[in-house]
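Contents: one structure, followed by commentary.
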Amino acid sequence: MATDEELSEKLKEFLRSSDLSTTTTGAVRRYLEAEFGADLSHKKGFIREQVDLFLRTELNANGEEEAKEEEVGEDGFEDGKSGSDNGEEEEEEEEGEEEEEEEEQEPSENSARKKRRMNKSSNKEEKKRAGGGFTKLCSLSPDLQNFVGETTLARTEVVKRIWAYIKENDLQDPKNRKKIICDEKLKKLFNVNAIDMFQMNKALTKHIWPLEDGDSSYATGTSSKSKGTEKPQKIEKKSEGKKTGATGLMMPLQLSEELINFLGTGETSMARTDVVKRMWAYIKENDLQDPSDRRNIICDEKLKELLKVDSFLGFSMTKLLVPHFIKE
Numbered sequence: 001m002a003t004d005e006e007l008s009e010k011l012k013e014f015l016r017s018s019d020l021s022t023t024t025t026g027a028v029r030r031y032l033e034a035e036f037g038a039d040l041s042h043k044k045g046f047i048r049e050q051v052d053l054f055l056r057t058e059l060n061a062n063g064e065e066e067a068k069e070e071e072v073g074e075d076g077f078e079d080g081k082s083g084s085d086n087g088e089e090e091e092e093e094e095e096g097e098e099e100e101e102e103e104e105q106e107p108s109e110n111s112a113r114k115k116r117r118m119n120k121s122s123n124k125e126e127k128k129r130a131g132g133g134f135t136k137l138c139s140l141s142p143d144l145q146n147f148v149g150e151t152t153l154a155r156t157e158v159v160k161r162i163w164a165y166i167k168e169n170d171l172q173d174p175k176n177r178k179k180i181i182c183d184e185k186l187k188k189l190f191n192v193n194a195i196d197m198f199q200m201n202k203a204l205t206k207h208i209w210p211l212e213d214g215d216s217s218y219a220t221g222t223s224s225k226s227k228g229t230e231k232p233q234k235i236e237k238k239s240e241g242k243k244t245g246a247t248g249l250m251m252p253l254q255l256s257e258e259l260i261n262f263l264g265t266g267e268t269s270m271a272r273t274d275v276v277k278r279m280w281a282y283i284k285e286n287d288l289q290d291p292s293d294r295r296n297i298i299c300d301e302k303l304k305e306l307l308k309v310d311s312f313l314g315f316s317m318t319k320l321l322v323p324h325f326i327k328e
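Read left to right, the sequence shown gives residues 1 to 328 (the UniProt record's numbering).
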């Protein structure tokens, strides 16, 4: 039987070479079961905890590091090393996914897992120098196509072009260079007046869609067949269908009116992980942790109105938020 350390290392290896907008904890568990040849149903809680820890420590540090030097951000779209060095916070922010969601998304996960297995050997060789799958060509939303002038681009290339635009138009806030002041063109893309580096990373997720296996020749311009002209419609139609699933770890979900009002940013959709991060920021800012047991959260009036409880344990926050994520 594999040790927790072995499971954790293999889990990180898998996530670093996966598309986090479509990967789920269920897919991670089934991958580990295949790798170690064992039933890991009893390890669901551990796997969820390790996925959450990976997302915080590997992905959430971009904003802090990018603020230190102006050129960072062009290269750091999905990379990062340490977004939280507070062990207590990591424990408090544990946010297990609902089991029913895991079952609902099995068909799409199976398909994604098959594609990953086919590319497993090449991913291992290219992972360090290519950043996993983030240099793959992706299909772009109509709004992003209008912004960059391309129908397909790699995620990293999208970010480079957006940062080039931001710097060319001097849109970084002089007082806080992590913050971007949106001009009309960026407002149309992100639907906000201002956005920070971390939020931009998340907001782009809904504009960058995976290409089908057979679409790479079209994306690179190597196919001159007439069917190439039909591809964009096909990709767009399939991508629109995927929006209704919204079950990936980083996939934006539709928010309830109550949650929109609570967050106060005007954003109507957000990744589950980002919502939880902002909830914890609110809790810490308002000192709502019980001094005698910091795992216990004492709700103020605003939290009571949202969650309908007087107090709760930190790890149960995700379950309390479930009614506020609307399935389209």
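Just so it is clear, CB atoms sit at the ideal spot from N, CA and C, and this is done for glycine as well.
It should be emphasised that the depicted structure is a prediction, and the values quoted were computed from it without experimental measurement.
Span of the beta strand (DSSP E) around residue i
{"i": "serine 269", "result": "269–271"}
{"i": "asparagine 146", "result": "First-last for asparagine 146: 142–148, but that is the alpha helix (DSSP H), not the beta strand (DSSP E)."}
Limits of the alpha helix (DSSP H) - the one that residue i falls within
{"i": "leucine 186", "result": "184–190"}
{"i": "leucine 253", "result": "Unbroken run through leucine 253 is the beta strand (DSSP E), 252–255; no alpha helix (DSSP H)."}
{"i": "threonine 318", "result": "317–321"}
{"i": "aspartate 4", "result": "4–16"}
Residue i classed as buried or exposed, judged by whether at least 16 other C-beta atoms fall within 10 angstroms
{"i": "proline 291", "result": "exposed"}
{"i": "proline 210", "result": "buried"}
{"i": "valine 322", "result": "exposed"}
{"i": "histidine 207", "result": "buried"}
{"i": "threonine 3", "result": "exposed"}
{"i": "glycine 37", "result": "exposed"}
{"i": "methionine 1", "result": "exposed"}
Length of the line joining the Cα atoms of residue i and residue j
{"i": "proline 174", "j": "phenylalanine 46", "result": "43 Å"}
{"i": "isoleucine 195", "j": "proline 252", "result": "16 Å"}
{"i": "glycine 266", "j": "valine 192", "result": "8 Å"}
{"i": "leucine 186", "j": "proline 142", "result": "14 Å"}
{"i": "alanine 130", "j": "lysine 179", "result": "For alanine 130, the predicted structure reports a pLDDT of 39, less than 50, and the residue's modelled location is therefore unreliable. The matter cannot be settled from this model."}
{"i": "glutamine 145", "j": "threonine 152", "result": "8 Å"}
{"i": "leucine 204", "j": "lysine 160", "result": "12 Å"}
{"i": "glutamate 35", "j": "asparagine 176", "result": "45 Å"}
{"i": "valine 276", "j": "methionine 317", "result": "8 Å"}
{"i": "aspartate 170", "j": "glutamate 184", "result": "14 Å"}
Reduced DSSP secondary structure (H/G/I, E/B, other) of residue i
{"i": "lysine 277", "result": "helix"}
{"i": "aspartate 52", "result": "helix"}
{"i": "glycine 327", "result": "Reading the sequence as shown, one finds lysine at residue 327 and not glycine. The answer is coil: DSSP assigns lysine 327 none of H, G, I, E or B."}
{"i": "lysine 304", "result": "helix"}
{"i": "serine 311", "result": "strand"}
{"i": "serine 139", "result": "strand"}
{"i": "leucine 259", "result": "helix"}
{"i": "asparagine 296", "result": "strand"}
Does the contact criterion of 3 or more C-beta pairs under 8 Å hold for the segment 6–18 versus the segment 38–55? yes
Tell me, please, whether the segment 255–263 touches the segment 275–285 by the rule of three or more beta-carbon pairs shorter than 8 Å. yes
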